[in-house]
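Below you'll find the structure, written out as structure tokens, and then a few comments.
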Amino acid sequence: MSVVAITSTNLESAYLYVQILESMGAITKVMTPHDNGTLNNQLNNASAILLTDGPNVFGSTEYTKRQTPDSETIRKDQDEFELNVTRKALALDLPILAIGRGLHILNMCQGGKPPQQVTGHSENCSDTGKNLSHTIYLSPGAKASAVIGSAGFFRVNSNHTSGLREIQRSPKLMSTAYSIEDGIIEGLESPEHSWVIGLQCNPELQDQVPRSFSNLFLALVERSGVDQ
73 MSVVAITSTN
83 LESAYLYVQI
93 LESMGAITKV
103 MTPHDNGTLN
113 NQLNNASAIL
123 LTDGPNVFGS
133 TEYTKRQTPD
143 SETIRKDQDE
153 FELNVTRKAL
163 ALDLPILAIG
173 RGLHILNMCQ
183 GGKPPQQVTG
193 HSENCSDTGK
203 NLSHTIYLSP
213 GAKASAVIGS
223 AGFFRVNSNH
233 TSGLREIQRS
243 PKLMSTAYSI
253 EDGIIEGLES
263 PEHSWVIGLQ
273 CNPELQDQVP
283 RSFSNLFLAL
293 VERSGVDQ
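Here our numbering is used: the first residue of the sequence shown is 73, the next is one more, and so on.
In structure tokens, the structure reads:
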């Protein structure tokens, strides 16, 4: 049985991801930091992982001295849980799609530095209160561009208050997309693994990104059925 495991703060936060994946034929399993059982049991039958967006990353113990974010938006237990899930998934070479916060977790898991505060990338910065968008460049040759169907410039949503620059990127990961406005990393992939794609934008908000970005979820579902 092929199962896409979804990491999330809670079941409610995972609802949209579950809807999208199940509409594409996936069997889903939501994993939260407070689930009972060992990590091996939680990952039992999982054949792909979706690292979802969520609270800002603070980081596990080795990162806590590097930044002092607002404690109300931080969940250290979720950081530790998702870092452990990601380490295990990478060791098993499971397909991984990492979105928003998930991109930062992937980067930290591979030895990168935690994200830093950025301005102009969230609706809190908008005078109109409307969702912000910006232009990113997706590199030719990236797995994401092959999945989406093209490379180049795309207008996508912008919902984050923290981001990565090259100095924070793990040397084990390859930058595949950038914000045109300020060079913030918008995409990461692992050349050491079969299918590991991370994006800063939120493709689950399908009315805020190009329609072809839904192919990322479809590809994850398809990869979940590939023998590992």
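In this text, a Cβ means the ideal position worked out from N, Cα and C, and glycines have one as well.
Note that the coordinates shown come from a computational prediction; the quantities given were computed from them, not determined experimentally.
Legend entry - Contact the segment 108–127 vs the segment 76–91: 3+ CB pairs below 8 Å: yes
Legend entry - Residue closest to residue 215, alpha-carbon to alpha-carbon, out of 296, 271, 119 and 86: 271
Inset, instruction - Give the C-beta separation of residue 205 and residue 228 to the nearest angstrom, bearing in mind that I take them to be a contact with Cβ-Cβ under 8 Å. - result: 6 Å
Inset, instruction - Mind the definition here: the segment 289–297 touches the segment 88–101 only if three or more C-beta pairs lie below 8 Å; say whether that holds. - result: yes
Legend entry - Under the three-state DSSP convention, the category residue 77 falls into: strand
Inset, instruction - Please name the residue in 273, 116 and 91 whose C-alpha comes closest to that of residue 249. - result: 273
Legend entry - Where the alpha helix (DSSP H) through residue 220 begins and ends: 215–220
Inset, instruction - Answer with buried or exposed for residue 133, where buried requires no fewer than 16 other C-beta atoms within 10 angstroms of its C-beta. - result: Note that residue 133 has pLDDT 35, beneath the 50 cutoff, so the model's placement of it is unreliable and the number below is only indicative. Classification of residue 133: exposed, given that the 10 Å Cβ count is below 16.
Inset, instruction - Can you have a look at residue 284 and say buried or exposed, based on whether 16 or more other CB atoms are within 10 angstroms of its CB? - result: exposed
Legend entry - C-alpha gap between residue 152 and residue 224, whole angstroms: 35 Å
Legend entry - Spatially closest choice to residue 74 from 101, 111 and 90, by CA coordinates: 101
Inset, instruction - Helix, strand or coil for residue 281, going by three-state DSSP, please let me know. - result: coil
Inset, instruction - Give me the Cα-Cα distance between residue 307 and residue 110, rounded to the nearest whole angstrom. - result: Because residue 307 is not part of the residues shown, which for the chain are 73 to 300, the question remains open.
Inset, instruction - Apply the 10 Å Cβ neighbour rule to residue 120 and answer buried if 16 or more other Cβ atoms are within range, or exposed otherwise. - result: buried
Legend entry - 6 Å Cβ shell around residue 105 - same chain, five flanking residues per side excluded: 149, 150 and 153
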